[in-house]
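Step one of this worksheet: look at the structure below.
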């Protein structure tokens with residue numbers, strides 16, 4: 001226990017990252033030593049999110065043991081912060097009653113996201129164990145299409161009537177606060193449950209007790225529909241700095257809200273998926289990449305590497321077909337990697353800025369052709385600067401002005417080609433309803449490598465008069 005007391009006294013003197021590392025290290029050491037009481041004690045002053053990260057850092061065999069150290073209320077909070085793979089493993093290892101208590105007390109939106117990641121058999125078993133109210137709420141959310149506002153909304157909100165007084169509204173908030181995820185915005189509905197207005201908690205506490213809600217509420221309410229894409233929801237909340245946004249169905253009835261904490265999770269998830277996709281399809285699911293089985297990792301990464309392998313084979317075939325010019329001017333071969341590598345980098349830059357603009361709506365005011373034209377001009381400018389340097393460098397290395405000019409002019413042409421490809425392909429793939437981030441990288445590499453080599457050799461033939 002002395003060791004535990006020393007740890008508790010040091011908690012205020014370390015950063016959050018150091019705290020997580022310290023808790024994880026101490027927790028593992030105490031579990032390995034079998035000192036469960038001390039292990040339980042060190043978790044008392046730690047926040048649920050930090051406990052979840054500490055548990056995730058333990059060996060898999062210790063996850064259930066560490067989780068059982070928590071009280072029921074703590075376990076419910078910590079469980080919602082755990083990675084889905086750890087949540088699924090705990091469901092398999094914990095007793096049926098423990099699982100029922102945790103899942104039944106989860107917020108409806110978090111429970112729905114968990115069920116999305118679990119096998120169908122497990123979901124059906126858990127649904128049967130939920131209370132009737134929670135089973136109905138979860139089934140409602142799961143009935144909406146994945147990736148929409150209906151799937152990620154929470155049903156735990158406070159609704160008021162416009163004829164309530166401020167005093168009545170505050171009393172209703174007190175009675176429902178523990179059952180609601182958000183109390184800072186209160187939504188006003190009519191007898192048909194249609195959304196008619198919104199009032200903030202700030203407005204309530206600064207108004208007179210006898211004032212009527214209908215007199216102080218805002219009637220111009222920004223809301224979303226159940227089929228609105230979750231990325232659009234995130235952009236809306238981000239744009240207006242909302243803490244939550246109401247969700248209505250086709251009949252304009254209020255059915256739920258999406259809160260800012262859910263939006264943060266969405267933005268992180270979408271950003272992660274896009275980054276992995278730009279890297280060549282490394283990951284396409286919501287799994288934690290660094291907790292995936294290595295064989296699964298290899299399967300996810302081999303597809304686009306195979307595409308690039310085929311691409312390099314095509315490029316090699318083109319180079320082989322140019323044996324006649326290479327026999328006469330062998331030095332041309334030395335600059336092929338420089339040209340294709342630079343072209344690939346220019347194309348990757350263009351595709352990155354365009355895909356980013358698509359995701360953030362920064363290019364909404366610009367037409368497709370305007371964006372492509374802008375990137376083409378940028379490619380020409382880049383090619384001019386890089387081509388000038390490459391010309392001087394090639395002449396310095398080889399001493400032949402014709403070869404140097406062929407290299408420099410090819411770099412200009414390839415930079416323009418790469419910029420156009422990098423900016424046009426994301427629009428093309430979006431039009432074809434394919435993921436621009438996932439599809440752009442290998443196709444840009446293909447286009448630049450194949451067409452870049454053809455441009456280089458044809459320009460060399462003209463300039464060298466071969």
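Residue numbers (the working numbering): 1 to 466.
Built from N, CA and C at the ideal position, the CB exists for glycine as well.
As the structure is a computational prediction, the values presented were derived from the model and not from experiment.
Query, Result
"Quick check: residue 351 and residue 444, are their CB atoms within less than 7 angstroms of each other?", "yes"
"Please identify the residue among 188, 232 and 224 whose C-alpha is closest to the C-alpha of residue 213.", "188"
"If you drop the 5 nearest sequence neighbours on each side, which residues of the same chain put their C-beta closer than 8 angstroms to that of residue 201?", "173, 183, 184, 185 and 186"
"What did DSSP end up calling residue 453 once you bin it into helix, strand or coil?", "helix"
"So the beta strand (DSSP E) residue 138 belongs to, where does it begin and stop?", "Segment 132-142 is the alpha helix (DSSP H) holding residue 138; no beta strand (DSSP E) there."
"Cutting at 8 angstroms between CB atoms, please list the residues of its own chain near residue 401, excluding the five before and the five after it.", "395"
"Distance check for residue 168 and residue 161, CA to CA, integer angstroms please.", "10 angstroms"
"Where does residue 253 sit, in a helix, a strand or coil, going by DSSP?", "strand"
"Could you pull the DSSP bridge partners for residue 185 from this structure?", "200"
"Are there three or more Cβ pairs, one per stretch, closer than 8 angstroms when the region 74-85 is compared with the region 31-38?", "no"
"Residues bridged to residue 225 by DSSP?", "248"
"Please look up how many angstroms separate the CB atoms of residue 411 and residue 305, rounded, as I've assumed it's under 8 angstroms.", "Not a contact, Cβ separation roughly 27 angstroms."
"So is residue 132 buried or exposed if we call it buried at 16+ other beta carbons inside 10 Å?", "exposed"
"State whether the region 314-326 contacts the region 451-460, with contact taken as three or more CB pairs (one from each stretch) at a distance under 8 angstroms.", "yes"
"Exposed or buried, residue 29, counting other C-beta atoms within 10 Å across all chains shown (16 or more means buried)?", "exposed"
"Starting from residue 431, trace the alpha helix (DSSP H) in both directions and tell me its first and last residue.", "401-431"
"Would you call the region 119-129 in contact with the region 149-161, where contact means no fewer than 3 C-beta pairs closer than 8 angstroms?", "no"
"Where does the unbroken alpha helix (DSSP H) through residue 237 begin, and where does it stop?", "230-240"
"Which of helix, strand or coil does DSSP assign to residue 108?", "helix"
"For residue 87, does the count of other Cβ atoms within 10 angstroms reach 16, so buried, or fall short, so exposed?", "buried"
"Please list, in chain order, all residues of the same chain as residue 244 whose beta carbon is under 6 angstroms from its beta carbon, the five residues on each side excluded.", "182, 185, 257 and 259"
"With respect to the alpha helix (DSSP H) encompassing residue 213, which residues constitute its N-terminal and C-terminal limits?", "213-216"
"In the DSSP assignment, what residue or residues form a beta bridge with residue 206?", "BP columns for residue 206 are empty, so no partner."
"Please go through the same chain and pick out, in chain order, the residues whose beta-carbon is closer than 6 angstroms to the beta-carbon of residue 192, but skip the five residues on each side of it.", "none"
"Nearest-angstrom Cα distance between residue 427 and residue 368?", "7 angstroms"
"Once DSSP output is grouped into helix, strand and coil, what is the label at residue 19?", "helix"
"Only counting the same chain, and skipping five residues up and downstream in sequence, which positions put a Cβ closer than 8 angstroms to that of residue 58?", "24, 27, 28, 31 and 66"
"Assign residue 463 to one of three DSSP states: helix, strand, or coil.", "helix"
"My output table needs one value for residue 258: the three-state DSSP class, helix, strand or coil.", "strand"
"What residue from 294, 336 and 362 has the CA that sits closest to residue 390's CA?", "336"
"In or out: residue 296 buried (at least 16 other Cβ within 10 Å) or exposed?", "exposed"
"Taking buried to mean at least 16 other C-beta atoms within 10 Å of its own C-beta, is residue 423 buried or exposed?", "buried"
"Among 147, 359 and 264, whose alpha-carbon lies nearest the alpha-carbon of residue 225?", "147"
"Identify every run of the alpha helix (DSSP H) within the region 303-348, keeping only runs that are complete inside it and at least 4 residues long; order them along the chain.", "323-328"
"Would you call the region 232-241 and the region 216-224 touching, i.e. three or more CB-CB distances under 8 angstroms?", "yes"
"How many Å lie between residue 397 and residue 405 at the Cα?", "13 angstroms"
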